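*Asks:* Would you mind keeping the following structure in view while I ask a few things?
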Amino acid sequence: MTDQLCNYLLAQIHSACALVTPSLMLGEYSPLFAGFCLEEEDPLTTPVCDLVPEFIGLEETFRDVIKSGQPFELPLINKAEHSYHCLVSPYDNPETPLLITFYNRTEFASLKQEILQQENEIRILKARLSAQSRNAASGLIGESPALQKIKRVVERLSDIKTTAILLQGETGTGKSTVARVLHYASASEKEPFIEINCAALPETLLESELFGAVKGAYTNALQDRTGLIEAADGGTLFLDEISELPLALQAKLLSFLETRRFRPLGSTREKSVDIRLIAATNKDLEKEVEKGRFREDLFFRLNIVPLRLPPLREMEEDVLLLADHFIRHFNIQFNKKIKGLAPAAKNKLLKHSWPGNVRELSNCMEQAMIFKDRGWLEADDLTLRRTTTETDFSLPAAGLNLEKLEKKLLLDALKRAGGNKTRAAALLGLSRDTMRYRLEKYKID
Amino acid sequence: MSPIKKKICLLGDVGVGKTSLIRRFVENIFDDSYLTTIGVKVSQKRISLTGEKDVLMMIWDVEGFNKPGMVSPNYFMGAAGAMVVCDLSRQESIENLEPVIRDFHRISNKGKIVLAGNKADLVGASHPGRLLFRETARQLDLPFFETSALNGQNVAACFETLCRKIIDPS
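For the protein sequence lines, the chains are A and B, in the order given.
Heads up: the first sequence begins at 1 in the working numbering, then just goes up one per residue.
Heads up: the second sequence begins at 446 in the working numbering, then just goes up one per residue.
Printed below as a string of structure tokens:
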């Protein structure tokens with residue numbers, strides 16, 4: 001009766017117990033205990049440490065419990081949708097000196113799981129972000145020679161903090177990304193990275209934004225305002241679209257770059273900061289200098305380390321690597337399970353000329369993944385910007401010089417193909433022989 | 446013929462992919478949703494090594510080490526070996542390999558160890574995490590594998606190497 005009641009109570013709380021002999025064989029056990037045993041073993045003939053998977057290897061530990069009288073516990077074991085606290089304790093009976101209890105703690109485990117889940121997710125994300133900062137250079141995705149060159153420059157610059165760096169490249173080539181990489185390659189995560197787009201603010205606001213202002217410097221200056229240069233102290237100031245900086249501010253910036261000192265708007269006191277300046281533009285600054293729109297002295301000051309970011313069409317071999325990177329990225333962001341690109345989709349990406357560069361590729365992948373949840377991305381899933389093709393070309397009203405145009409196209413193709421005539425011919429849809437004939441015709445070596 | 450039964454533990458920081466490695470090895474499946482492990486879960490896998498008796502591995506998926514001393518050392522009792530796992534994209538988890546091994550050896554001083562640098566699919570060939578992992582493994586003089594539970598890279602090799610080390614300590 002007592003055994004029956006005991007077993008009933010244990011079953012009610014989905015728990016189990018067993019008594020074990022000195023030779024570590026099962027004595028008595030409650031019905032649910034069988035659920036803890038290996039199916040292929042016979043509970044009556046198999047030692048308990050061969051019978052219960054969680055006890056394998058624990059023979060010595062069990063003998064210690066009998067010998068020392070000290071219990072042994074496994075705080076939380078998960079088994080078939082339930083969680084148990086396992087206690088192996090001495091039992092006051094020479095024939096069965098060990099009592100094993102599996103006590104159901106599923107509710108406790110669920111609560112603990114809920115709490116730790118969030119805590120651990122935050123911990124993992126923080127660690128990954130920190131690692132990303134430290135390994136910033138590896139954040140540049142691609143294996144093309146052009147990208148390798150950028151990576152080498154980034155590594156070289158990581159130890160030199162005070163140099164001004166000028167990033168030039170078409171829109172969407174990743175100037176802002178490279179600026180961050182340059183910053184994180186040398187800075188700790190606590191050092192600031194401050195970014196401002198010079199084209200986004202009017203001249204009057206831009207000056208106070210950059211250099212700061214003291215109370216009363218202008219009508220609405222009700223209190224002192226720290227400028228971005230000061231906020232970037234110890235870190236990096238990234239001036240995007242530097243070509244749009246008004247000439248008056250160019251002079252002030254030049255003065256700051258030469259002395260590392262500046263005066264906030266309305267202040268009589270100079271401040272000094274230690275920053276690395278990275279400037280970027282999608283324009284040809286030398287031409288801007290020629291046109292008188294950009295100060296030559298500032299250009300020379302910024303151009304100490306020029307870094308040209310190539311357009312994506314010059315890094316053909318990186319297109320698919322970048323696309324895979326974006327798939328991984330958006331899989332995490334959108335909680336999708338896209339496996340990758342189908343062969344036809346790969347071909348479609350490789351044939352496109354990417355006038356919007358990496359940004360265009362990122363947008364294309366993002367758009368495709370919004371509308372697809374799993375499986376492979378097919379060619380039809382990818383919406384590409386229509387670009388001008390040879391059939392769209394129409395003769396300008398003023399006419400053109402066909403020979404000059406042909407020569408330019410030949411030179412462009414050679415440049416893009418890195419001097420490889422076969423690849424250049426393929427770009428123009430010519431055979432290698434025709435290509436050779438035309439190169440000879442225009443005396444292109 | 447009944448196999449030899451051996452207990453091994455998978456240890457390492459939280460979120461390095463211990464559960465995913467076990468699921469890939471035992472069930473050959475991968476699920477990228479993250480559910481933190483509380484306590485332990487024991488899985489079984491029978492391994493046939495050429496020229497040896499089959500081994501029934503009791504694989505203990507031990508909850509991640511998020512703070513030193515938080516994981517009950519009782520889970521390591523009776524283990525013949527451990528696979529100590531880190532995430533190649535998280536430097537901190539690589540730096541924690543050594544303290545985790547120390548904790549394990551405190552309880553199971555003869556336990557064999559192999560190192561798994563998991564999430565290899567997330568990092569490039571010259572990623573600093575990969576280099577640090579190799580350097581750490583060489584310093585600790587332990588066999589190591591760069592694994593991916595996502596695509597299965599080196600997962601079976603890592604488990605089988607541990608199994609072989611346990612069966613044939615020489």
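Yeah, the Cβ is synthetic: ideal placement off N, Cα and C, and Gly gets one too.
What you are looking at is a predicted structure, and each value in this text was computed from that prediction instead of being measured.
1. Evaluate the contact criterion for the segment 196-213 of chain A versus the segment 240-247 of chain A: three or more CB pairs, one atom per stretch, below 8 Å.
2. Quick one: what does DSSP say residue 472 of chain B is sitting in, helix, strand or coil?
3. Could you tell me the distance, in whole angstroms, from the CA atom of residue 595 of chain B to the CA atom of residue 342 of chain A?
4. Which same chain residues end up closer than 7 Å to residue 469 of chain B when comparing Cβ atoms and leaving out the 5 residues on each side of it in sequence?
5. Would you identify the three-state DSSP class for residue 363 of chain A, choosing helix, strand or coil?
6. Which residue comes first and which comes last in the beta strand (DSSP E) that contains residue 73 of chain A?
7. Please decide whether residue 584 of chain B counts as near chain A, where near means a Cβ-Cβ distance under 9 Å.
8. From which residue to which residue does the alpha helix (DSSP H) around residue 48 of chain A run?
9. Using a Cβ-Cβ cut-off of less than 9 Å, give me the residues of the segment 66-81 of chain A that come near chain B, in sequence order.
10. Give the residues of chain A in contact with residue 489 of chain B, contact being defined as C-beta atoms less than 9 Å apart.
11. Distance, Cα to Cα, residue 382 of chain A vs residue 604 of chain B?
12. Hey, could you find the ends of the alpha helix (DSSP H) residue 62 of chain A is sitting in?
13. Please list the residues of the segment 493-522 of chain B that have a C-beta atom closer than 9 Å to any C-beta atom in chain A, keeping them in chain order.
14. Along the alpha helix (DSSP H) that carries residue 574 of chain B, what are the first and last residues, could you check?
15. Counting only Cβ-Cβ distances shorter than 8 Å, please list the residues of the segment 108-130 of chain A near chain B, keeping chain order.
16. Any beta carbon from chain D within less than 9 Å of residue 459 of chain B's own beta carbon?
17. Ignoring anything shorter than 3 residues, give me the beta strand (DSSP E) runs that lie fully in the segment 502-583 of chain B, in order along the chain.
18. Within this structure, are the beta carbons of residue 462 of chain B and residue 541 of chain B separated by less than 9 Å?
19. Pull the bridge partners of residue 240 of chain A from the DSSP assignment, please.
20. Could you check which residue in B:566, B:546, B:495 has the C-alpha nearest to that of residue 582 of chain B?
21. Looking at the secondary structure, which residues open and close the alpha helix (DSSP H) in which residue 489 of chain B lies?
22. Using a threshold of 9 Å, state whether the C-beta atoms of residue 97 of chain A and residue 43 of chain A are closer than that.
23. From the DSSP output, which residues share a beta bridge with residue 265 of chain A?
24. Less than 6 Å between C-beta atoms, sequence neighbours within five positions excluded: which residues of the same chain meet that for residue 165 of chain A?
25. Under 8 Å by Cβ, that's how I've got residue 143 of chain A and residue 321 of chain A pegged, so tell me the actual separation to the nearest angstrom.
26. Indicate whether residue 511 of chain B and residue 116 of chain A have their beta-carbon atoms separated by less than 9 Å.
27. Does the distance from the CB of residue 439 of chain A to the CB of residue 409 of chain A come in under 9 Å?
28. Return the chain-ordered list of same chain residues with a C-beta closer than 6 Å to the C-beta of residue 575 of chain B, the five sequence neighbours on each side being excluded.
29. Residue 609 of chain B versus chain A: which residues are under 7 Å apart at the beta carbon?
30. Can you say whether residue 255 of chain A is buried or exposed, counting buried as having 16 or more other CB atoms within 10 angstroms of its CB?
31. Check residue 1 of chain A in the structure and name its three-state DSSP category.
32. Express the C-alpha separation of residue 557 of chain B and residue 607 of chain B in angstroms, rounding to a whole number.
33. By how many angstroms is the C-alpha of residue 232 of chain A removed from the C-alpha of residue 191 of chain A?
34. Go to residue 404 of chain A, then tell me how far its alpha helix (DSSP H) extends in each direction, as first and last residue.
35. Taking Cβ-Cβ distances shorter than 7 Å, what residues in chain A pair up with residue 484 of chain B?
36. Just list the residues that DSSP pairs residue 453 of chain B with in beta bridges.
*Replies:* According to the data block:
1. yes
2. helix
3. 19 Å
4. 475, 594, 597, 600
5. helix
6. 72-79
7. no
8. 48-51
9. 72, 73, 74, 75, 76, 77, 78, 79
10. 38, 53
11. 41 Å
12. 59-68
13. 501, 503, 505, 506, 508, 509, 511, 517, 519, 520, 522
14. 573-585
15. 109, 112, 113, 116, 117, 119, 120, 121, 123, 124, 127, 128, 130
16. Any reference to chain D falls outside this structure, whose protein chains are A and B.
17. 526-532, 557-563
18. no
19. A:197
20. B:546
21. Per DSSP, residue 489 of chain B belongs to no alpha helix (DSSP H); it is in the beta strand (DSSP E), 485-492.
22. no
23. A:213
24. 278, 305
25. 7 Å
26. yes
27. no
28. 533, 568
29. Within 7 Å Cβ-Cβ: nothing; residue 609 of chain B doesn't reach chain A, min ~18 Å.
30. exposed
31. For residue 1 of chain A, the pLDDT reaches just 46, beneath the cut-off of 50, and the residue's location in the model is therefore unreliable, leaving the point undetermined.
32. 7 Å
33. 8 Å
34. 402-416
35. 75, 76, 77, 78, 83, 109
36. B:504, B:526
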